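Per this note's numbering, residue 1 is the first one in the sequence shown, and the count goes up by one each step. Where a beta carbon is used, it is the ideal one built from N, C-alpha and C, also for glycine. In this text, all values refer to a predicted model and were calculated from it rather than measured experimentally.
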Amino acid sequence: MILAAVVTPFVRKIAIVLGAEDQPNQRRINKEPMPTLGGLGIFVAFTFATFILLRNQFPTHELIAVFCAECIIVLVGIIDDIREISPWKKLIGIVLASLVIYFLAGIRMSNLTIPFVGNFNLGWWQFPITILWIVAITNAVNLIDGLDGLATGVSIIGLFTMGVIGFFFLNVANAYPSILIFCLVAALIGFLPHNFYPASIYLGDTGSLFIGFMIAVLSLKGLKNVTFVSLIIPIVILGIPIIDTAYAIIRRLWNKEPIMRPDKRHLHHQLLRLGFTQRQTVLIIYGLALIFSFVSLLYPLSSRAGNVLLTIAILVGVELLLEAIGITKLRLLKVAQKLSGRINDHHLNDE
């Protein structure tokens, strides 16, 4: 935490020297050039902490492979922050790092247990599912990095919850995933004061790709033998970035736009259009992330039927929220309002 806070100002100076700055444009929120590469400070602090805390486990095959994959992701992010490479080139870098995780680290999904159905060996499907999981989560975090402190704070909330659940509820044989999670949380907390509104430095793709990648990999450590609970927990914890990304893809496909084309119709953009300030928007999304995290804590404590009902309730709640802020235009909210009105009218008539 302290190391990230101390290193970040030096990273900011390096970013300015290298020209790694977000220039104001029609798509971005910032009004003046803002140094990026903030993720480099997080990476340095995280790596130092893990090598100290896990020094008795180094060198191990899995940890070294994870570190190599991290370096690939950070390198891709640095290059993009300095010279802005195409989305497809970034995707190639993420896939390459994912292949290192799958083949060299051996971290993958292998079995899936579905409630009321049974256990399935994923067989050859474990390869595309694992790669898709890492790519999807990495990009989800990258896409919500649109306001000062947004991706950093949401990631802190999600990772902390994941660490608590992994440590107390899920049966993970090795303790080091939880150690890595809390090391990353500490590094992000140290970085947040520099990144929260008004920010002095951005995460950049160096940070958002690194954080998303590590969240994906660390969540996989609890998903090797996947149950419904262990699969749904990280999805719920990361509800904000996953939902935002899913609707962005659906929106672009519906409008026949390139999936990789950025726009200003994400969750935080919609809240800004409703009149909230940048700080208020970030705090609202923090609140939503906390709600998702709290709900995720209920899964290990519920029965299988309770987990299914909880998931249905989440899906309905998400749809109502998205309709309320204008991201979707379905009619579920109006139906709910009509039902509520009829119930109230019936209650008044009874009186």
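Distance check for residue j and residue i, CA to CA, integer angstroms please.
i: Thr-281; j: Ala-216; result: 25 Å
i: Trp-125; j: Ile-92; result: 20 Å
i: Thr-60; j: Asn-142; result: 29 Å
i: Ser-302; j: Ile-157; result: 22 Å
i: Thr-245; j: Leu-53; result: 34 Å
i: Asp-81; j: Pro-193; result: 21 Å
i: Pro-9; j: Ile-64; result: 29 Å
i: Val-11; j: Cys-71; result: 17 Å
i: Gly-77; j: Gly-149; result: 18 Å
i: Ile-259; j: Leu-132; result: 16 Å
i: Val-316; j: Gly-41; result: 39 Å
i: Ala-105; j: Asn-56; result: 18 Å
i: Ala-69; j: Ile-101; result: 7 Å
i: Phe-353; j: Ile-107; result: What is shown of the chain runs 1 to 351, which leaves residue 353 out entirely.
i: Ser-296; j: Pro-87; result: 32 Å
i: Val-226; j: Cys-183; result: Only weak support exists for where Val-226 lies, its pLDDT of 49 falling under 50; the value from the coordinates is given anyway. Taking the straight line from one Cα to the other gives about 25 Å.
i: Met-1; j: Trp-254; result: 43 Å
i: Gly-212; j: Ile-94; result: 10 Å
i: Ala-5; j: Phe-168; result: 29 Å
i: Ala-15; j: Glu-21; result: 7 Å
i: Pro-300; j: Ala-289; result: 18 Å
i: Phe-51; j: Val-185; result: 16 Å
i: Thr-138; j: Phe-43; result: 15 Å
i: His-347; j: Pro-33; result: Note that His-347 has pLDDT 48, beneath the 50 cutoff, so the model's placement of it is unreliable and no number is given.
i: Pro-35; j: Gly-19; result: 8 Å
i: Leu-75; j: Glu-319; result: 37 Å
i: Val-236; j: Leu-159; result: 12 Å
i: Phe-276; j: Asn-307; result: 34 Å
i: Phe-67; j: Met-214; result: 10 Å
i: Asn-121; j: Val-17; result: 51 Å
i: Ile-144; j: Leu-272; result: 14 Å
i: Ala-305; j: Ile-201; result: 46 Å
i: Leu-426; j: Ser-155; result: Shown here, the chain extends from 1 to 351; a query on residue 426 therefore has no answer.
i: Arg-251; j: Gln-270; result: 14 Å
i: Ile-73; j: Phe-294; result: 30 Å
i: Gly-287; j: Thr-161; result: 14 Å
i: Val-7; j: Gly-123; result: 44 Å
i: Gly-153; j: Ala-199; result: 13 Å
i: Ala-324; j: Lys-264; result: 18 Å
i: Asp-205; j: Ile-232; result: 27 Å
For residue i, which residues does DSSP report across the bridge?
i: Asn-139; result: BP columns for Asn-139 are empty, so no partner.
i: Glu-21; result: Pro-35
Assuming residue i is part of the alpha helix (DSSP H), what are its boundary residues?
i: Ser-219; result: 204–221
i: Gly-93; result: 87–99
i: Arg-352; result: Any answer about residue 352 is impossible in this case: the structure gives the chain only from 1 up to 351.
i: Trp-254; result: 239–254
i: Ser-178; result: 176–195
i: Ser-155; result: 150–168
i: Asp-80; result: 61–83
Less than 8 Å between the CB atoms is what I'm expecting for residue i and residue j, so what's the real figure, rounded?
i: Val-135; j: Ser-98; result: 6 Å
i: Ala-49; j: Ala-187; result: 7 Å
i: Ser-219; j: Pro-234; result: 4 Å
i: Ile-178; j: Gly-190; result: For the sequence presented, residue 178 should be read as Ser rather than Ile. Not really, about 19 Å apart at Cβ, beyond 8 Å.
i: Gly-38; j: Leu-203; result: 5 Å
i: Tyr-247; j: Leu-322; result: 7 Å
i: Gln-278; j: Tyr-176; result: Not a contact, Cβ separation roughly 37 Å.
i: Ala-140; j: Leu-238; result: 7 Å
i: Ile-285; j: His-268; result: 6 Å
Could you pull out every unbroken alpha helix (DSSP H) segment of at least 4 residues lying fully inside the segment 260–332, listed in chain order? Complete alpha helix (DSSP H) runs here, min 4: 267–273, 278–298, 304–325.
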